[in-house]
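Residue numbers (my numbering): 97 to 564. Idealized CB from N, CA, C, for every residue including glycine. For clarity, every value in this text was computed on a predicted model and none was experimentally measured.
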Ligand SMILES: Cc1cc2nc3c(=O)[nH]c(=O)nc-3n(C[C@H](O)[C@H](O)[C@H](O)COP(=O)(O)OP(=O)(O)OC[C@H]3O[C@@H](n4cnc5c(N)ncnc54)[C@H](O)[C@@H]3O)c2cc1C
């Protein structure tokens, strides 16, 4: 696989707005956030319902890390939805929003937060589209109280493989609804999304941070604060071993009451961009250790409290727009798994021991307490501890992922598809008891497996040439 430069915004191809004739044009490199790229035909659809050809995959802002939004073959057509971003209806009394699938969370935040409405579930970046949020069934810091995004979706307009355009709800075509929520684009194209936004008392967030010295205390504190706080997560220095293994910062918060919040609206933050690709030697144990030490020490005193804007609380990584370039041209993967509660703290400790011993982890390692499993047939979260860690791609990355997967399967956990590029078909099947139910729904709605991606070729053995 090649890597490409995601720092620049791609130029819409002339094939936009309906005419999807790509047979004359050579394929271009299409990349995920981890910078792994594959050849295919990316076209920009302004009017998703009137596309003249039958595309094989839709994609939004390409923030999935691995091969979820990458073409199944060089001849495959991938529709980029980001030009289809109209708000179709909005009710300021009820907070019900209907919009085209390419509307970004970035725009939603700017449109609706001033009126005190916010997405019911937010991932750790606002550079995602509504279609991507549904297809990955994203979860956020409030998973333990709000579940995943799909739970708040009232309806979707979808185009399915036989060409029909359907209004799909939790009751109407329910099997399609729950296979699409978390179904990574394999059940059809999401054209529109209707979602219930959340009323917030102010546009500010009351944030607490606590410095914690070891893994057991960190996992325990996450569980404790989750009982009373709706938004929780933690950052871990995953380079530390021994008694300091798992030292980190626990973050928790809630939307601030109007009486506690500043009278002004929080300023939207400017962004800086990483102008160049980091050289391969830039990420080494010394630089990463220094970075982690800096983050850990910045949280002295041990317990801090502040009223912060939502971008500070939800999207710290968005501040450096193209931070994925820090991993250089070879790119990176994010390994994210959930270790079920019933496997106990010991399983989390074993996972972290394996991770630190592999020497593969870098500076981003996030742990979160998940609530119960939702209804999306391939949705990631289940009751337990989610661990996400960035791993620079090297010759042994597939072997490292295989070792981590072995442990995750043994303890009854699973990985998050939207972050993955290395899990094998056998490992995925072993960790996913709901897979047959998903494949049955896919068989009903797309028997020829027209909607496919590089990920479905890898995990389900889809015929890459069938997805044209
Ligand atoms: C910094 C960062 C932080 C993140 N934090 C979180 C987090 O906290 N929680 C979390 O859950 N995720 C998180 N993510 C992952 C991200 O939320 C998901 O990958 C999301 O799907 C990306 O949206 P997108 O619009 O970029 O979709 P893409 O990456 O373009 O596509 C993702 C998947 O959605 C499918 N898809 C997209 N649009 C459509 C459509 N219209 N119809 C059918 N299928 C479609 C694609 O085929 C693909 O399978 C994070 C990602 C980054 C980069």
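Shortest gap from the CB of residue 414 to any heavy atom of ligand 1: under 8 Å. Taking a C-beta distance under 9 Å as the contact criterion, residue 291 and residue 216 qualify as a contact pair. For residue 480, the three-state secondary structure derived from DSSP is strand. In this chain, the alpha helix (DSSP H) harbouring residue 551 covers 550 to 556. Just so you know, the alpha carbons of residue 540 and residue 534 end up roughly 10 Å apart. Ranked by Cα distance from residue 223, the options 155, 272, 524 and 170 are led by 155. Under the three-state reduction of DSSP, residue 522 is assigned to helix. For residue 348, the shortest separation between its Cβ and any heavy atom of ligand 1 does not lie below 8 Å.
By the neighbour-count definition (other C-beta atoms within 10 Å, threshold 16), residue 356 is an exposed residue. Here residue 189 carries a coil assignment [DSSP, helix/strand/coil]. Ranked by Cα distance from residue 289, the options 192, 269, 238 and 313 are led by 192. When 490, 489, 543 and 464 are compared, the shortest CA-CA separation from residue 243 is found for 464. Out of 157, 220 and 365, the CA that lies nearest to the CA of residue 199 is found in 157. When the Cα atoms are used, residue 143 and residue 180 turn out to be separated by approximately 6 Å. In the DSSP assignment, residue 153 falls outside any alpha helix (DSSP H) and lies within the beta strand (DSSP E) extending over 153 to 155. The beta carbons of residue 476 and residue 163 sit no closer together than 9 Å.
The C-beta distance from residue 230 to residue 246 rounds to 6 Å, short enough to meet the 8 Å contact threshold.
Cβ-Cβ distances below 6 Å link residue 512 to 432 and 476 in the same chain, with the five nearest sequence neighbours on each side left out; the list follows chain order. For residue 205, the secondary structure class from DSSP, reduced to helix, strand or coil, is helix. By the Cβ-count criterion, residue 399 is exposed, with fewer than 16 other Cβ atoms from all chains shown falling within 10 Å of its own Cβ. Every unbroken stretch of the beta strand (DSSP E) spanning 3 or more residues and falling wholly within the segment 452 to 521 is given here in chain order: 461 to 466 and 480 to 488. Taking 8 Å as the cut-off, one finds at least one heavy atom of ligand 1 near enough to the beta carbon of residue 286. Apart from the 5 residues on each side of it in sequence, residue 410 sits with its Cβ closer than 6 Å to the Cβ of 218 in its chain, given in chain order. Counting along the chain, residue 140 sits inside the beta strand (DSSP E) bounded by residues 132 to 140. In this structure, the alpha-carbon of residue 271 lies about 6 Å from that of residue 537. Between the alpha carbons of residue 443 and residue 238 lies a gap of roughly 23 Å. Distance from the CA of residue 268 to the CA of residue 277, rounded to the nearest whole angstrom, comes to 14 Å. A Cβ-Cβ separation of about 17 Å leaves residue 412 out of contact with residue 299 under the 8 Å criterion. Spanning the alpha carbons of residue 159 and residue 196 requires a straight line of approximately 18 Å.
When the Cα atoms are used, residue 257 and residue 542 turn out to be separated by approximately 5 Å.
Residue range 226 to 231 is occupied by the alpha helix (DSSP H) that includes residue 230.
Closer than 8 Å to some heavy atom of ligand 1: that does not describe the Cβ of residue 560.
The Cβ-Cβ distance between residue 337 and residue 453 falls below 9 Å. Annotated three-state conformation of residue 280 is coil, per DSSP.
Exposure of residue 184 is indicated by the presence of fewer than 16 other C-beta atoms within 10 angstroms of its C-beta.
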